[in-house]
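*Asks:* One structure, as C-alpha cells, below. Some questions next.
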Amino acid sequence: MEEKRIDPLQIIGFFLLFLVLMWMMYNQAEQMEQNPQATESEQTTEQPQSQPVASVIPVITDNTPLTYTNLSNEVLRLSVRSKGGVIDEAELLTETNYLDEQVFLVQNQNTDFNLRFSAEGQQYNTRDLNFTPISENNRLTMRAVVGSGYLDFVYTLPNDGYRLSFDVQANGFSTDSDAELFWSQDGFRQALSADYENRYAQLAYQYEDDKVGTLSAMGDDGDRDKDISWIAYRHHFFSMILIPEKSFKNADFVSESLIDEDDSDASEFLKRFETQTNLDVRNGQLSAGFDWYIGPTDYNILKQYDENISESISFGWGIIGWINRYVFFPLFGFLSGFLPFGIAIIIMTVIVRLVLSPVTYKSYLSQAKMKVLRPEITELNEKYKKDAGRKQQETMKLYSKAGVNPMAGCVPSLLQLPVFLGLFYFFPVAFSLRGKSFLWAEDLSSYDAVLDLPFNIPFYGDHISLFPLLASVAIFFYSKMTMGQQMQSPQPGMPNMKIMIYLMPVMMLFFFNNYASGLSLYYFVSNLITIFIMLVIKNYIIDEQRIHLQIQENKKKPKKQSRFQRKMEEMMEQAEQQRRSGRRR
Numbered sequence: 020m021e022e023k024r025i026d027p028l029q030i031i032g033f034f035l036l037f038l039v040l041m042w043m044m045y046n047q048a049e050q051m052e053q054n055p056q057a058t059e060s061e062q063t064t065e066q067p068q069s070q071p072v073a074s075v076i077p078v079i080t081d082n083t084p085l086t087y088t089n090l091s092n093e094v095l096r097l098s099v100r101s102k103g104g105v106i107d108e109a110e111l112l113t114e115t116n117y118l119d120e121q122v123f124l125v126q127n128q129n130t131d132f133n134l135r136f137s138a139e140g141q142q143y144n145t146r147d148l149n150f151t152p153i154s155e156n157n158r159l160t161m162r163a164v165v166g167s168g169y170l171d172f173v174y175t176l177p178n179d180g181y182r183l184s185f186d187v188q189a190n191g192f193s194t195d196s197d198a199e200l201f202w203s204q205d206g207f208r209q210a211l212s213a214d215y216e217n218r219y220a221q222l223a224y225q226y227e228d229d230k231v232g233t234l235s236a237m238g239d240d241g242d243r244d245k246d247i248s249w250i251a252y253r254h255h256f257f258s259m260i261l262i263p264e265k266s267f268k269n270a271d272f273v274s275e276s277l278i279d280e281d282d283s284d285a286s287e288f289l290k291r292f293e294t295q296t297n298l299d300v301r302n303g304q305l306s307a308g309f310d311w312y313i314g315p316t317d318y319n320i321l322k323q324y325d326e327n328i329s330e331s332i333s334f335g336w337g338i339i340g341w342i343n344r345y346v347f348f349p350l351f352g353f354l355s356g357f358l359p360f361g362i363a364i365i366i367m368t369v370i371v372r373l374v375l376s377p378v379t380y381k382s383y384l385s386q387a388k389m390k391v392l393r394p395e396i397t398e399l400n401e402k403y404k405k406d407a408g409r410k411q412q413e414t415m416k417l418y419s420k421a422g423v424n425p426m427a428g429c430v431p432s433l434l435q436l437p438v439f440l441g442l443f444y445f446f447p448v449a450f451s452l453r454g455k456s457f458l459w460a461e462d463l464s465s466y467d468a469v470l471d472l473p474f475n476i477p478f479y480g481d482h483i484s485l486f487p488l489l490a491s492v493a494i495f496f497y498s499k500m501t502m503g504q505q506m507q508s509p510q511p512g513m514p515n516m517k518i519m520i521y522l523m524p525v526m527m528l529f530f531f532n533n534y535a536s537g538l539s540l541y542y543f544v545s546n547l548i549t550i551f552i553m554l555v556i557k558n559y560i561i562d563e564q565r566i567h568l569q570i571q572e573n574k575k576k577p578k579k580q581s582r583f584q585r586k587m588e589e590m591m592e593q594a595e596q597q598r599r600s601g602r603r604r
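Residues 20 to 604, numbered by my numbering, are exactly what the sequence shown covers, in order.
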C-alpha cells in the first residue's frame, strides 16, 4: 500500500496557519450586551432631571468629614468623594459579573485621578484637597479652596446613557505653569476566565489624524504619543474612556499586568493602566473640559459618537476589521434582533458557508484533479527517485500538459482566511453575546465547561468545554476528507499525512477550550456544513471520470507556455545541467 505523505506546500500552509493562530492568541481584544435602556444619544441639549443624593460618611483621621455624593440615571450610578473630588464608585446598574454581582468599574479606590499644579507659590495635588459638594439638578460641583480662590470639578450626568461631562474650573487664583494630569486604574475581573478576559484588556488611544494606538494586551508595555483626542481603559467588555475637549499635546501611557501567574482565576484585577499628560494653562487660568464614558464596550453604543471611540475595540487589522464592521456586526445584529442568540450564530454560519460555497467547490475541484494525476505522479517519483531535479522538472511538465495548477487549491483557502480571522476577532468583542445562553452553554461569551478537572493541564485549563470538543471531531472528519482527496506524492523526510489529520483537532482543543463558546459553536456548525457541501459536490456535481477524460484531452493539445513558465523551465534545465556537470568533474 502506498504510504500517504503530505506535500511541502501543505506543510507550509499548516505552519503559517499555526503561526497566525498563535499570534492572535497573544494579541487580541472588546464587547457588550444590547440593552434598549443603554442606548445613548450623541449629545443631549436639554437639561434632564436626575436624582443626586448627598450623604455624610465617617470621619477620617484629620477630623475632616468625608462625604459621598451620588449621581445616577437609569443605567449608571456615580459616587463622588469629597477627598480629591473624584469618582469613588461607578456602578453599571443593568450589568452583573460572573458571580452575579453588580459591575463596578470604579470601587475601593482602584482609580486615581490627580491634577498637580502650582498657584501663588505653592504646589497642589487635587487628590489631597477637600472638596465641598454643591448639587443642582443633574449637575454636581465639587469645590475646594485654593489660595485666595477655589477650584471646581463639575460633573453633569444626563438622565440616560453612560456618558457624562466633567469640567475643571479655576476661580480667583492664577497658576504658575501647566498642570500635570495623572490617571490610573486597576481593572476588575468580571468574567469566568481571567486569562481569556485579560487577553482583551487593553489601553487604546487616538492620536494624530485619527490614528489609533494600543499597548500590548500581553505583559507590560508603555508608549508616548502626541495630539491625543481620547484615551480608553478597556477591560474586555467594559471601558472607561476620557475624552478631552481639547486634545492633549503629549501623553505617556503604561500598561501592567496584574494577573496572578500561579493562579490566574484567583486574581481580582486584570491590568493597571496609567496616563500622564499636561493641561495647557493660558494667562494663568486653569480651565479644561472633558467627557467620561463609563460603561460597556458595546460597538452599538460607541459608534453613535463622533469622536470615533468605537475604534477602541479591536476589530482586527485591514480587511479583517472592515469585514467585522460592515458585514458581521450588521448581519449578526439583524439576526439576533428576532432570533435566540445561539440560533442567530447557526443561521449566520449557514449564510457564511453558502456565500463561500463557490470557493469550496473550486478547492475541491483542484483536489479532484490532483487525485486523478496521482498514479502518474507516483510513476514519475519511482522513475526518477534518485534524481530529484529531473523528477521535479518532469512533474512540472506533467502539470503543464494536463492543465493542472498545483497551487490552485491554495488560492480558495487564502480567500477564506480573512473570514476565518474576522470571526476570530468578532466573537470575543461581541458584547451582545455576554450572558446569553444556548443549550448547555450558560454564557456564549465565555467557555462552556461541562466537566471540571481536579487538576490543570498547561495551555488547556482545568475544565472540558464541549463545543470545542465537538468542533475538533468535525475538523477531524473534514481533514480526513480533504487530505485524503489531495495528491500526496511521497517526499523523503516529510511527515506522514496521519500526523496532520490528528494535529488540527488537537490544536482546536487547546486553542479554544477557554475561548468564547459562541466562537466554538460557529466552527462546529461551519465544519458540519462544509462536510455536507463537499459530499454534495463529490457525489452529485464533480465527475472524476469526466475530469480524467478532460485531462487526457488537455495532454493532446499543444500548450502555449507563459513567459513565467518558460523562464522557470529554463532555470530548472540550467540547474540540472550544472548539477550533471558537477558530477562529471
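Every residue, glycine too, gets a C-beta built ideally from N, C-alpha and C. All values reported here derive from a predicted model rather than from experimental measurement.
Distance check for Gly454 and Ile548, CA to CA, integer angstroms please.
*Replies:* 27 Å
*Asks:* Taking the runs of the alpha helix (DSSP H) that are 4 residues or longer, which of them lie wholly in the segment 71-157?
*Replies:* none
*Asks:* Fully enclosed by the segment 210-280, which alpha helix (DSSP H) runs are 4 residues long or longer?
*Replies:* 213-218
*Asks:* Is it buried or exposed for Ala48, if we count other Cβ within 10 angstroms and need 16 for buried?
*Replies:* For Ala48, the predicted model reports a pLDDT of 36, less than 50, meaning its position is unreliable and no value from the coordinates is stated.
*Asks:* Tell me which residues share the same chain as Asp299 and place their Cβ nearer than 7 Å to its Cβ, disregarding the 5 neighbours each side in the sequence.
*Replies:* Asp197
*Asks:* Taking just the CA atoms, how far does Leu528 sit from Ser491?
*Replies:* Approximately 6 Å, taken between the alpha carbons.
*Asks:* Name the DSSP bridge partner or partners of Thr160?
*Replies:* Answer is Ile153, Val173, bridged to Thr160.
*Asks:* In this structure, does DSSP put Gln66 in helix, strand or coil?
*Replies:* Only weak support exists for where Gln66 lies, its pLDDT of 34 falling under 50; the coordinates are left without a value.
*Asks:* For Val555, count neighbouring Cβ atoms within 10 angstroms of its own Cβ and tell me buried if that reaches 16, exposed if not.
*Replies:* By the 10 Å Cβ count, Val555 comes out exposed.
*Asks:* Are there three or more Cβ pairs, one per stretch, closer than 8 Å when the segment 195-211 is compared with the segment 130-138?
*Replies:* Because the criterion of three Cβ pairs below 8 Å is met, the segment 195-211 and the segment 130-138 touch.
*Asks:* Would you decide whether Thr115 is buried or exposed? Buried here means 16 or more other CB atoms lie within 10 Å of its CB.
*Replies:* exposed
*Asks:* Could you give the DSSP three-state label for Ile476: helix, strand or coil?
*Replies:* strand
*Asks:* In the structure shown, what three-state DSSP assignment does Glu293 receive?
*Replies:* strand
*Asks:* Since I believe Ile342 is in contact with Leu354 (beta carbons under 8 Å), could you give me their beta-carbon distance rounded to a whole number of angstroms?
*Replies:* 16 Å between Cβ atoms; not a contact.
*Asks:* Note down the Cα distance separating Thr88 from Thr175, rounded to an integer number of angstroms.
*Replies:* 13 Å
*Asks:* Once you ignore the five residues that flank Gln142 on each side, which residues in its own chain have a CB closer than 6 Å to its CB?
*Replies:* There are no such residues.
*Asks:* Run through DSSP, which three-state label would Glu326 get?
*Replies:* coil
*Asks:* For the beta strand (DSSP E) containing Ser286, name the first residue and the last one.
*Replies:* Careful: Ser286 lies outside any beta strand (DSSP E) and carries neither H nor E.
*Asks:* What separation, rounded to the nearest whole angstrom, lies between the Cα atoms of Trp459 and Leu470?
*Replies:* 11 Å
*Asks:* I'd like to check one pair, Gly537 with Leu436: are the Cβ atoms closer than 8 Å?
*Replies:* no
*Asks:* Counting C-beta neighbours from all protein chains within 10 Å, is the total for Asn546 16 or more, i.e. buried, or is it exposed?
*Replies:* buried
*Asks:* How big is the Cα-Cα spacing for Phe351 and Ile476?
*Replies:* 34 Å
*Asks:* Hey, could you find the ends of the alpha helix (DSSP H) Tyr318 is sitting in?
*Replies:* 318-321
*Asks:* Using alpha carbons as the reference points, say which of Ser167, Val122, Phe543, Asp317 lies closest to Phe348.
*Replies:* Asp317
*Asks:* Check Ser18 in the structure and name its three-state DSSP category.
*Replies:* There is no way to answer for residue 18, as the model of the chain reaches only from 20 to 604.
*Asks:* Would you mind giving the Cβ-Cβ distance between Lys245 and Asn269, rounded to the nearest angstrom? I have them listed as a contact below 8 Å.
*Replies:* 5 Å
*Asks:* Can you tell me which residues form a DSSP beta bridge with Arg301?
*Replies:* Gln304
*Asks:* In the DSSP assignment, find the unbroken alpha helix (DSSP H) run with Asn558 in it and report its ends.
*Replies:* Per DSSP, Asn558 belongs to no alpha helix (DSSP H) and is neither H nor E.
*Asks:* Tell me Gln188's beta-bridge partners as DSSP assigns them.
*Replies:* Asp171, Ser306
*Asks:* Just the C-alpha distance for Ser451 and Phe478, rounded to the nearest angstrom, thanks.
*Replies:* 28 Å
*Asks:* Taking the CB atoms as reference points, tell me whether Tyr466 and Asn532 lie closer together than 8 Å.
*Replies:* yes
*Asks:* For the candidate residues Gly238, Asp239, Met237, Glu264, whose alpha-carbon lies nearest to that of Ile250?
*Replies:* Residue Glu264 holds the alpha-carbon nearest to the alpha-carbon of Ile250 among Gly238, Asp239, Met237, Glu264.
*Asks:* Going by the CB atoms, is the gap between Phe123 and Glu139 shorter than 8 Å?
*Replies:* no
*Asks:* Look at the alpha carbon of Ser456 and the alpha carbon of Phe360, and state the distance between them as a whole number of angstroms.
*Replies:* 8 Å
*Asks:* Within the same chain, show all residues whose beta-carbon is closer than 6 Å to that of Ser331, passing over the 5 residues directly before and after it, in chain order.
*Replies:* Ala223, Ala251, Arg253
*Asks:* Taking 8 Å as the threshold (beta carbon to beta carbon), is Ser248 in contact with chain E?
*Replies:* Of the protein chains in the structure, only one exists, and it is not chain E.
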